[in-house]
Amino acid sequence: MTPSGTAVVDRRGLRRVLDEGEGRAAVVSIVASGGTGKTSLLRAWCDLEPADRILVEVDGPPRAGGVGDRDWRDRISALCGQTGRATTVIDGIERINSHSDRELLQEAVAAAGSAIVLSGRTQPLALDALSPERPLIMVGVADLAFGQREADELLRGAGVLLPPQDVFELLDRTGGRAMTLTLAVAALARMADPREAIHRLAHSPAGADEYFVGALLGTLDPAEAELLLALSAVPSFSVGLAAELTGCPDAGTTVERLRDGNHLLQRIDGGEEGCEYRFDESLRRTLLTELSRRDARRLDDLRRTAARWYLAGGDVHDGLALAVASRSTDLVEEILRRHGLGMVFSGDTAPVRDALAALEDRGVMSGTTGLLAALVTSPTRFDSVRTDHFLALAEDEAARSPESELVLASILGLRADGEGQEARDRALTRIENAVRLSLRRPAGEGGALAVLDARIFAEAARASLLLRSGRPADALAVAEAAAASAEETGLPWLQMLCLELAAGAAASHRSWPMVHLFERRIAGLAGAEPRTDSIVAASALLRAASAAYESCEPFRSAHVADIVQARWRGLDTGDVVAPRALHLLFRLDEEEDTRTIFEEMEHLFSVSMRRNPRTIAIGAFRFLDLTMHYRGRAAVRGLVDELEQMLGARSLEAALGGCIVREGTVTQDADDATLELLLRTGAPAWHGSNIVFGWLLLAAHAAERGREDLVQARLMEALSAAERTGTRRPFLARGGTFARLVSDRLGGFGECEEFARSVLAAAGALDGRVDGPENSPMLTAKERELLRELPLHQSIGQIAAKHSVSANTVKTHLRSIYAKLDARDRAQAVDNARALGLL
Numbered sequence: 001m002t003p004s005g006t007a008v009v010d011r012r013g014l015r016r017v018l019d020e021g022e023g024r025a026a027v028v029s030i031v032a033s034g035g036t037g038k039t040s041l042l043r044a045w046c047d048l049e050p051a052d053r054i055l056v057e058v059d060g061p062p063r064a065g066g067v068g069d070r071d072w073r074d075r076i077s078a079l080c081g082q083t084g085r086a087t088t089v090i091d092g093i094e095r096i097n098s099h100s101d102r103e104l105l106q107e108a109v110a111a112a113g114s115a116i117v118l119s120g121r122t123q124p125l126a127l128d129a130l131s132p133e134r135p136l137i138m139v140g141v142a143d144l145a146f147g148q149r150e151a152d153e154l155l156r157g158a159g160v161l162l163p164p165q166d167v168f169e170l171l172d173r174t175g176g177r178a179m180t181l182t183l184a185v186a187a188l189a190r191m192a193d194p195r196e197a198i199h200r201l202a203h204s205p206a207g208a209d210e211y212f213v214g215a216l217l218g219t220l221d222p223a224e225a226e227l228l229l230a231l232s233a234v235p236s237f238s239v240g241l242a243a244e245l246t247g248c249p250d251a252g253t254t255v256e257r258l259r260d261g262n263h264l265l266q267r268i269d270g271g272e273e274g275c276e277y278r279f280d281e282s283l284r285r286t287l288l289t290e291l292s293r294r295d296a297r298r299l300d301d302l303r304r305t306a307a308r309w310y311l312a313g314g315d316v317h318d319g320l321a322l323a324v325a326s327r328s329t330d331l332v333e334e335i336l337r338r339h340g341l342g343m344v345f346s347g348d349t350a351p352v353r354d355a356l357a358a359l360e361d362r363g364v365m366s367g368t369t370g371l372l373a374a375l376v377t378s379p380t381r382f383d384s385v386r387t388d389h390f391l392a393l394a395e396d397e398a399a400r401s402p403e404s405e406l407v408l409a410s411i412l413g414l415r416a417d418g419e420g421q422e423a424r425d426r427a428l429t430r431i432e433n434a435v436r437l438s439l440r441r442p443a444g445e446g447g448a449l450a451v452l453d454a455r456i457f458a459e460a461a462r463a464s465l466l467l468r469s470g471r472p473a474d475a476l477a478v479a480e481a482a483a484a485s486a487e488e489t490g491l492p493w494l495q496m497l498c499l500e501l502a503a504g505a506a507a508s509h510r511s512w513p514m515v516h517l518f519e520r521r522i523a524g525l526a527g528a529e530p531r532t533d534s535i536v537a538a539s540a541l542l543r544a545a546s547a548a549y550e551s552c553e554p555f556r557s558a559h560v561a562d563i564v565q566a567r568w569r570g571l572d573t574g575d576v577v578a579p580r581a582l583h584l585l586f587r588l589d590e591e592e593d594t595r596t597i598f599e600e601m602e603h604l605f606s607v608s609m610r611r612n613p614r615t616i617a618i619g620a621f622r623f624l625d626l627t628m629h630y631r632g633r634a635a636v637r638g639l640v641d642e643l644e645q646m647l648g649a650r651s652l653e654a655a656l657g658g659c660i661v662r663e664g665t666v667t668q669d670a671d672d673a674t675l676e677l678l679l680r681t682g683a684p685a686w687h688g689s690n691i692v693f694g695w696l697l698l699a700a701h702a703a704e705r706g707r708e709d710l711v712q713a714r715l716m717e718a719l720s721a722a723e724r725t726g727t728r729r730p731f732l733a734r735g736g737t738f739a740r741l742v743s744d745r746l747g748g749f750g751e752c753e754e755f756a757r758s759v760l761a762a763a764g765a766l767d768g769r770v771d772g773p774e775n776s777p778m779l780t781a782k783e784r785e786l787l788r789e790l791p792l793h794q795s796i797g798q799i800a801a802k803h804s805v806s807a808n809t810v811k812t813h814l815r816s817i818y819a820k821l822d823a824r825d826r827a828q829a830v831d832n833a834r835a836l837g838l839l
């Protein structure tokens, strides 16, 4: 390769396109495959005016524990509030694939007052629909291709002189692709007769990339050529790994010499050994093809060598990935036996899952790997046929290590439900025996630490069994202690499991502030960066989203959509709302078409409620209210019957439903009395927010009857319960009716006064987004019911008979409906109601 500096070609035509877009404050979209020179072009263009052009390079999804991983997101977020005239260039947008990141980019494009350039292999946004009023300039592969003059300039910069017909032939075979031309220049610059090389290219059946890789390797010293091929076996490499793969102690010097004067090898400063290197991806693919053609077995050997090098350095994650790529089942099994439990318990489940899938595809599964397969299925749910198979493998293993016996006993304990107390007692005994075994054999296949980690898991299983045995206080103590041990050992997956069990024990005590505390601690496991790349991160983010929803704190609901997209099985352990349900609840307050959202919610609950009744818990009130509006009283009555069957007739959710279904009827007072009794006696609730909803509903009913003494007392109960858990969302339901009850009585809430004001502040922040069609324009439950009769062309008498009320009562309700809908008569009331989405 030429020792001269890297040749820089002025892409004048493309620069003019970018200059034009900048002058018109346009959106410029550059979409082309890798190796077409997009990044080099944009960097050079930004360097011309560094004060007026901001380059943001998207570096993919955030990584756990990474420093600065959020930098590009922070910079894009800053664009939304930018008032200057600087042009923003965002490169690598094909890496933006999550809902939240796409939403962030969309907001930046919409908010940008100056030109914005979006470059990548794909375009994640529908730009023509996003900003139809702004100029849009599209740049594609053909626009990025090098022309005759530019290719000649690139060749001359490397000292390669070719006649025009040869330059044309080179362009024709390479398609003007920047990376292929760079590869061609690197090879031609080392050849004695570049024209002869072009002539051979014209008659070669090989593609241009393959041809020039072969030509380049042919110009190198054989040892250097072998070094290049060997290094292509890994995605990136340090000097130490290069020496290990090639057996050459001075491999770093050779790498630096080979990268001098070209862009074929990139150096990434800041690695553990000072810097790392990587090939251009298209070049690496071609080198891998050549390596496989020469010696396919060598590629697997190199990857095994790299895997062991990473393992020796403590990097189990990359070591396992390369072991899987090497197709060495023995090495993969060895790594999983030694490190699998630690990876799962620390939350690094994705690589373990991928490795297990690779083993399963090859028909290789053992007892140990079967246990890991059961664990990565879900932290608390082991109820599938696949899990039964995996556990059978573990049971059949003759000589289990102490950590395997602990994990097997714990999983079986977590499964021991629905089989009676006798089965739970047997499971507890087996766990205790496994713990005693581990004390006699404190080190197993994974070492002493693996045994200690498995003991914490056993404590979590013991807490679960105690909770299901009716001993919530003991369960809470065990779960809290296990969570503390997991936190001290740095095992977030185990910590999450223990905190979930502690929250479940607190919920069985109806200690909602403690439940709130535990779920906040789980949410804290997410760290500063919203991530869904592991079950711990996704579960923690789900708790953070749930807490933000309840407290009306700012939260980007697209993060919940990312959790749904990640499809981590078992995120909902029964104590929190499922991701899909929570996302629908966020959308109810963000979108106008609530009917569509209700229909999605209806489908979700019909599918999941029987399997996991707690799915509905956080959304029970909103869902029942919407059902009353869109489906009528009979549909709500059916839902209440289901709730009573699954949650129990004395559950707060069932009582809430009963009050809603009989609002405006002669039994309303009796139902209110039942609900109040349940609230005061601490009846079981599947979500703490429903206690707040219960008191608010009772306060609203008291206000309708003019019982001001009851209104104030019930609002105080609601505020007191809500303040202990920071729950504000219930006050915003029914179009803000409950918030208005608070507003009208502000100044009379004593020690809850400050929280009452925070409720009104939240209602003000969401003003205009909390009105639902079931509540606007503030029809009562009876009025909403009678409104549905108006399009049916019935007489007043027929309507009265149908609802078992007098004709005068119907007339009174109709006058109120007409007034609220600003209608003169029945026909106009129907038209106005349909316009508002009430019919």
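As numbered in the UniProt record's numbering, residues 1 to 839 make up the sequence shown, in order.
Each residue gets a CB set at the ideal place from its N, CA and C atoms; glycine is no exception.
Just so we're clear, the structure is a prediction, and the values are computed from it rather than from any experiment.
The beta carbon of L288 sits closer than 8 Å to the beta carbons of S232, A233, L299 from its chain, once the five residues preceding and following it are set aside; these are given in chain order. Here the alpha carbon of S40 sits roughly 31 Å from the alpha carbon of A321. For T596 and E480, the gap between their C-alpha atoms comes out near 42 Å. Proximity of the region 708–725 to the region 735–745 meets the contact definition, three or more beta-carbon pairs being nearer than 8 Å.
Restricted to the UniProt domain "HTH luxR-type" (772–837), the alpha helix (DSSP H) segments that are unbroken, complete and at least 4 residues in length are 781–787, 796–803, 807–820, 826–835, listed in chain order.
Inclusion of G347 and P132 in the CB contact set at 8 Å is not warranted, their separation being larger than that value. If you keep only unbroken alpha helix (DSSP H) runs of at least 4 residues inside the region 536–598, you get 558–566, 579–588. Per DSSP, G444 lies in no alpha helix (DSSP H) segment and is marked neither H nor E. When the beta-carbon positions are compared, S100 and P530 come within less than 8 Å of each other. Under the DSSP assignment, D91 falls in the beta strand (DSSP E) whose first and last residues are 87–91.
An exposed status is given to V607, since fewer than 16 other beta-carbon atoms sit within 10 Å of its beta-carbon. Within the same chain, L584 come within 7 Å of E600 by CB-CB distance, once the 5 residues on both sides are set aside.
Close CB contacts of A115 within its chain, under the 6 Å cut and outside five residues either way in sequence, are with G21, E22, A25, A26, T87 (chain order).
Secondary structure of F237 (DSSP, three-state): strand. Pairing G313 with H339, the inter-Cα distance amounts to about 14 Å.
When beta bridges are read from the DSSP output, L136 appears opposite V27. Of all alpha-carbon atoms in R121, R134, L105, L130, the one lying nearest the alpha-carbon of G113 is that of R134. Fewer than three pairs of CB atoms, one per stretch, sit closer than 8 Å, so the region 545–562 makes no contact with the region 490–510.
Its chain contains L322, A323, S326, S328, L331 as the residues whose beta carbon lies nearer than 8 Å to that of R304, once the 5 sequence neighbours on both sides are disregarded; these appear in chain order.
Taking 8 Å as the cut-off, the Cβ atoms of S404 and T368 count as close.
In this chain, the alpha helix (DSSP H) harbouring S485 covers 472–489. S119 carries a strand assignment under DSSP once its states are collapsed to helix, strand and coil. In this structure T246 is buried. Its beta-carbon is surrounded by 16 or more other beta-carbon atoms within 10 angstroms. Residue pairing for I54: DSSP places it in a beta bridge opposite T88. In terms of CA proximity to L412, L428 leads the group E500, L588, L428. Around the beta-carbon of V666, fewer than 16 other beta-carbon atoms lie within 10 Å, marking it exposed. Assigned with DSSP and collapsed to three states, R734 falls in helix. Around L732, the same chain offers C552, D589, F738, A739, A762, A763, L766, V770 as residues with beta carbons nearer than 8 Å, after the five sequence neighbours per side are excluded.
Annotation for S282: G34, G35, M179, D209 place their beta carbon closer than 7 Å to its own, counting only its chain and skipping 5 residues before and after. When the beta-carbon positions are compared, L155 and V167 come within less than 8 Å of each other. Here the C-alpha atom of I522 lies approximately 6 Å from the C-alpha atom of M496. Cβ-Cβ distances below 6 Å link P684 to S651 in the same chain, with the five nearest sequence neighbours on each side left out; the list follows chain order.
In this structure, the CA atom of A454 is about 14 Å from the CA atom of E488. Residue burial annotation: K802 is exposed, with fewer than 16 other C-beta atoms found within 10 angstroms of its C-beta. Where R278 is concerned, the enclosing beta strand (DSSP E) starts and stops at 275–279. Going by C-alpha positions, A434 is about 12 Å away from I456.
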